[in-house]
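Protein chains in written order, with the numbering used here: chain A, 422 to 1402; chain B, 5 to 463.
So this is what it looks like as structure tokens:
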């Protein structure tokens, strides 16, 4: 306290007064004197009560209005015996859509199918699937599916439609007017029997099989050479040398899944006895098969016959057969011819061209090489691709002549995929009765009076016999979601059989099956076993038919000008699946393009014409199409995918590409995919954006895909992989090695086997609820696929070597991403998994930057429940495909491959409950489970004899970017090409 | 200590103590000038555009930016580092020069510190808006929670960032504020408005200017300066570790911490130069912020520019010397040549070549030239961050994942918003705070003036 001085008495008194005053003021701060009574006692007044009440009410109102809507899950009142919530059920079934065949297992959760897996018991598909098969489950939940049967575009009642259709059919039968039943190829013996019964009841009905892309020339050639119009079984696994001519047997030709399985089985290297098949491909565009061939030649479609005949002459000369006069081939054939001659009976020549002359030459070559009965088996004919264009052409002309009074169309869409679709449409209007059995209002159904909505195959009963004697069961995995009825049930109803198709099928089988074939004794157990396994095969020994030689036609002169090659995309195929967003967004294995079709032109042509990627050209003046400069596209050719340009497929397909079917090459009796001369004209100043997932195609001499040749490999198994030893030696760390006990999950990818078919990409998408983001976002390089297939070109641009490399999270034991996450949202499990805790992630994206493999995906937008991303995750129906075991990621979090941790946990729990340890191969990720090339292997690295542990010791093994010391759990095996003699 | 004969006169124009107070406080009491309103209007416009950018980003998603799954950082990080760099100068200025007892700093340090505060505020917005889930941003703080043993990752440079930047901001703010206390008291005493008296009275914490107060003030300033000095080094070193800790080619280098700190001081001094030239022009402070000051800053910039040039060359040399093909690719094929060569050469020209013109006295004395060159430095430093962030990410290890990056309108809006915020802050500072440290200027006045009364006293 400062000392006070006073000058007068007044001053002194004043200061005293002030002191007492200030003391008095200070009182309330230090004592309770002078305070209100209420404050001291803590009593509340009525006012305070009302204030508190008002505040509480408004606070509660405010807080509760912010709450999330409550969504109730209603438990089952009566628990079905075979349904345990949270535990999946698997049903064996068959995928067949008229074109592709595959035996499958359908995973259902709470009675809804969510995932397709391969069926290991099938001798045909052998546990493999294709991308289309994987994606087919999404078609079940397609918003474009019709929910009710339709009459003239309006929903109607089944009873009424049945009555009207049957009445019309009976009327037409009474006056004997012709009715056509056009179906896609039907491989179901029961359905075929039923249709035959139906046509017997209605003799005025003619049954025509129509496939948009058929193998009719091959059928006819076999008819001429062997007296049976069938497709043979090919055994690519028994061939040491395969020579393909425009046959994309790893992509879309006949049974690609089976062929990939067979082909890749010969591309596994066994150190003790290293051998591989060698594959040659002569083709007019860079196909998936061509990209995997050891030796590839680019030819124009019109040159194929010349090259083939030259090959024929070479082999004929060597085997002492008469030769045919032909001009010089534009490409070298000596090496292929020599290899073929050295491997008589162990070789295979195939052509995918739908031309009788060419197929006859191919048959003759295979005959000279003694391949029939060995690599080609006519005793086990294929039942797929039975479409007959000659009959279809005749039908269309009769329709236009007014001779066809009724049209029944099942699983076909000629208004879209028939080359002369205008003629078909015009002819269709002349029919009085137009009935489409269809699941969507597609281009053809739209023109029909009655649309009888059919089930999805996952809701249907059926059987199938893709190859003679090899049967597969289709059974429903879900009750029909909508008011639909399968085609067969309609026929049964109309025939007044009084039973459904499953009973009909069962009765037929009971009648047909012999005791010897059943093996199990009584029919009921056989039938149950068949339904359980999904497959049954009973092959009877049949002699191989004799070869009857025929005169080979001299090859027509090669045409000038630009020749067009049409093809089916690995993703959407013939156009049936154009509304499937998973497939639309699947990058093409060769061009990496999504969402569109485009004209691929050769680099040389592009340079000559001053064309660049995304420039727009007109094709024959028909439509405008963007171009894509494709290395490996032969000069003088251009290729274009069919299946796009659907006008009535559904919302996802809107604006996706142009319809190329009108450009099919129409022959007298077959439609050809290649060879028509086209006129390409640049539209000045116009650009069309294409969404490619990869912009740079050169490996920049980096050791990414390490490769060698078989000859080098024989000398030194680690050839091409010399860096691995160096990096292993020089990898140094200050930290101790991480020890895992029990399990260390690992993956190994054999680049020699991998064909790049992208089955794994879609399998992963289906398993892990990966979002579809649309073309614009793909263009922004934001594709969400957890698994991608990098594709590199090397050597020259005219005929490049292609490298496919599946890349997903490498699950590094020294992961750069884990280190930099500020909130530890990504971390390492004690089983070696690099984990992502989505609800911990705050989205700094540092991990994305620091991942050398760039496999991390950021949720740039809310991809679910967002009208801007109106794909499968924006509708209640589409969302039913989601895997309940995998969270749908929120906007702003990073996601990536988890090695299907939910599948690992499931199998671990099963093993634990059965009190045993896991068996190698029991746990499979989605990508490894259905890989048709068995390129992806998954297992426990700590288990001594597991495939992955053995692969890890292989000299071919390396890790991607291993010099970074990221210590990935995923390893690659070098790519070995069998190029040298 | 300060020798006028060697160093020249610091405060020109024969100012007395009263003159100093009057001159510096005058703009605060004058009518708000027109240029202030116009600039404030423009800055508010920019800020509102930025608010839209924030809104768009938060409600729609980071997808509104030009980033992708390969280049996951872009403008936000570039601008963050740029602002942090600018935010370096104030503290560097005050603290280093304070510790080195460079008296000429007194006319500039206040403004430089203010600039730091606003630049760090602008910078701080970027890590926030940059998060995918800003609403969960608090996860980044280590706090006890009920989520089990869930804790931050103390290995992550981003966590270090949060700590470094918040510490730096707080230290800078306290340092700046404490420096202003005597000046607030001066305004409190001089103002005639009752409101201002109250406000500045509160702000000055009852400063009465007694001897004991001054003693403590000086000690506090020195102590704080001593403590904050390492922060100047640490904050940008840690920002640089966001890059150098990663495996990305072009980021993974040990030169980054010193290189970033020097770069930050460079850009900060550049911005100080820009602002000082504007301020002395508008407020007619030529007597306080003299040509000598600008000359001194220009000389420092010349020297730092040489260090920058050395750093750039060292990076290039190391890319070659390391024998890493990835480093070599990033530097030689993606920076020196290639798609981003314009950014690289802009950076090199602006930062390493243009400041070398300051060797010429003529240019140093030409204020217009100095001003233009200071702008080039700001530009060059922006491009430096652009080159580092974008070129490294767009083409890293696997050529299949190479992608390009273009900013979108939302990103530009966010950047413009931070510029608006910065300018508004600076304007508020110009308007309500004595822009030159009155008390400190007075402290050096006696030793450096030519005014008769003082020189007489001295002898």
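Using N, Cα and C, we set each Cβ at its ideal position, and we do this for glycine too.
(request) For residue 1282 of chain A, return the contacting residues in chain B, with the cut-off set at a CB-CB distance below 8 Å. (result) 64, 65 and 67
(message) Check this for me: beta carbons of residue 385 of chain B and residue 89 of chain B, under 8 Å apart or not?
(response) The Cβ atoms of residue 385 of chain B and residue 89 of chain B lie closer than 8 Å to each other.
(message) When you compare the stretch 180–187 of chain B with the stretch 213–228 of chain B, are there three or more beta-carbon pairs, one atom per stretch, that lie closer than 8 Å?
(response) yes
(message) Is residue 1382 of chain A close to chain C? Criterion is C-beta to C-beta, closer than 8 Å.
(response) Any reference to chain C falls outside this structure, whose protein chains are A and B.
(message) Given this structure, state the Cα-to-Cα distance separating residue 636 of chain A from residue 590 of chain A, to the nearest angstrom.
(response) 32 Å
(message) Could you compute how far the alpha carbon of residue 616 of chain A sits from the alpha carbon of residue 882 of chain A?
(response) 15 Å
(message) Buried or exposed for residue 1050 of chain A, going by 16 or more other Cβ atoms inside 10 Å?
(response) buried
(request) Determine, using beta carbons only, whether residue 1115 of chain A comes closer than 8 Å to chain B. (result) The C-beta of residue 1115 of chain A comes closer than 8 Å to at least one C-beta of chain B.
(message) Under 8 Å, Cβ to Cβ, is there at least one residue of chain B near residue 1305 of chain A?
(response) no
(request) Note down, in chain order, every chain A residue with its Cβ under 7 Å from the Cβ of residue 74 of chain B. (result) 1202 and 1275
(message) I want to verify the contact list: residues of chain A whose CB lies under 7 Å from the CB of residue 77 of chain B, in sequence order.
(response) Under the 7 Å cutoff, chain A gives 1266 and 1270.
(request) Answer with yes or no whether the minimum CB distance from residue 1242 of chain A to chain B is below 8 Å. (result) yes
(message) When you compare the CB positions of residue 155 of chain B and residue 161 of chain B, do they come within less than 8 Å of one another, or not?
(response) no
(request) Within its chain, find whatever has a CB closer than 6 Å to the CB of residue 1281 of chain A; leave out the 5 residues flanking it on each side and keep chain order. (result) 1203
(message) Just verifying my parser: in three-state terms, what is the DSSP assignment at residue 524 of chain A?
(response) Residue 524 of chain A: strand per DSSP, three-state reduction.
(message) Counting only Cβ-Cβ distances shorter than 9 Å, please list the residues of the stretch 1109–1141 of chain A near chain B, keeping chain order.
(response) 1114, 1115, 1116, 1117, 1118, 1119, 1120, 1121, 1122, 1123 and 1125
(message) Give me, in chain order, the residues of the same chain whose beta-carbon lies closer than 7 Å to that of residue 1272 of chain A; leave out the 5 immediate sequence neighbours on both sides.
(response) Same-chain partners within the cutoff: 1237 and 1238.
(request) Within the stretch 1125–1153 of chain A, note down every full beta strand (DSSP E) run reaching 3 residues or more, in order along the chain. (result) 1128–1130
(message) Please tell me whether residue 898 of chain A and residue 514 of chain A are closer than 8 Å, where the distance is taken between their beta carbons.
(response) yes
(request) Kindly indicate which residue of A:581, A:1123, A:878 and A:667 has the alpha-carbon position closest to the one of residue 1141 of chain A. (result) A:1123
(request) Would you be able to state if there are at least three C-beta pairs under 8 Å between the stretch 1046–1063 of chain A and the stretch 1012–1026 of chain A? (result) Judged by Cβ distances under 8 Å, the stretch 1012–1026 of chain A makes contact with the stretch 1046–1063 of chain A, as three or more pairs qualify.
(message) Applying the 10 Å Cβ sphere with the 16-neighbour rule, what's the burial state of residue 410 of chain B?
(response) exposed
(request) Please compile the residues from chain A whose C-beta is within a distance smaller than 8 Å of the C-beta of residue 303 of chain B. (result) Those do not exist, as residue 303 of chain B stays about 38 Å from chain A at its closest Cβ, beyond 8 Å.
(message) Can you find the residues in the same chain that come closer than 8 Å, C-beta to C-beta, to residue 1341 of chain A, ignoring five residues on each side of it along the sequence?
(response) 1360, 1361, 1364, 1366, 1367 and 1368
(message) Below 8 Å, how does it come out for the stretch 1242–1252 of chain A and the stretch 1039–1048 of chain A: are there three or more Cβ pairs, yes or no?
(response) no
(request) Reducing DSSP to helix, strand and coil, say where residue 639 of chain A ends up. (result) helix
(request) Could you say which of B:213, B:298 and B:226 lies nearest to residue 108 of chain B if we only look at CA atoms? (result) B:298
(request) Compile a chain-ordered list of the residues in the stretch 124–137 of chain B whose CB is closer than 9 Å to at least one CB of chain A. (result) 131, 134, 135, 136 and 137
(request) Given a cut-off of 8 Å, decide if residue 260 of chain B and residue 248 of chain B are closer than it, judged by their beta-carbon atoms. (result) yes
(message) Once DSSP output is grouped into helix, strand and coil, what is the label at residue 490 of chain A?
(response) DSSP places residue 490 of chain A outside both helix and strand once states are collapsed to three, so it counts as coil.
(request) Rounded to whole angstroms, what's the CA-CA distance from residue 5 of chain B to residue 211 of chain B? Just pull it up for me. (result) Only weak support is given to the placement of residue 5 of chain B: the predicted model assigns it a pLDDT of 44, under 50, and the value that follows is read from those uncertain coordinates. Computed Cα separation, rounded: 28 Å.
(message) For residue 908 of chain A and residue 858 of chain A, which I take to be in contact (beta-carbon distance under 8 Å), what is that distance rounded to the nearest angstrom?
(response) 5 Å
(message) Judging by CA-CA distance, which residue of B:374, B:391 and B:333 is the nearest neighbour of residue 346 of chain B?
(response) B:391
(message) Just to confirm the assignment, what range does the alpha helix (DSSP H) spanning residue 89 of chain B have?
(response) Residue 89 of chain B -> alpha helix (DSSP H) spans 79–90.
(message) Can you pull the chain B neighbours of residue 1213 of chain A, defined as C-beta to C-beta under 9 Å?
(response) 403 and 404
(request) Check distances from the C-beta atoms of the stretch 1305–1332 of chain A to those of chain B and list, in chain order, the residues that come in under 8 Å. (result) 1311, 1312, 1313, 1314 and 1315
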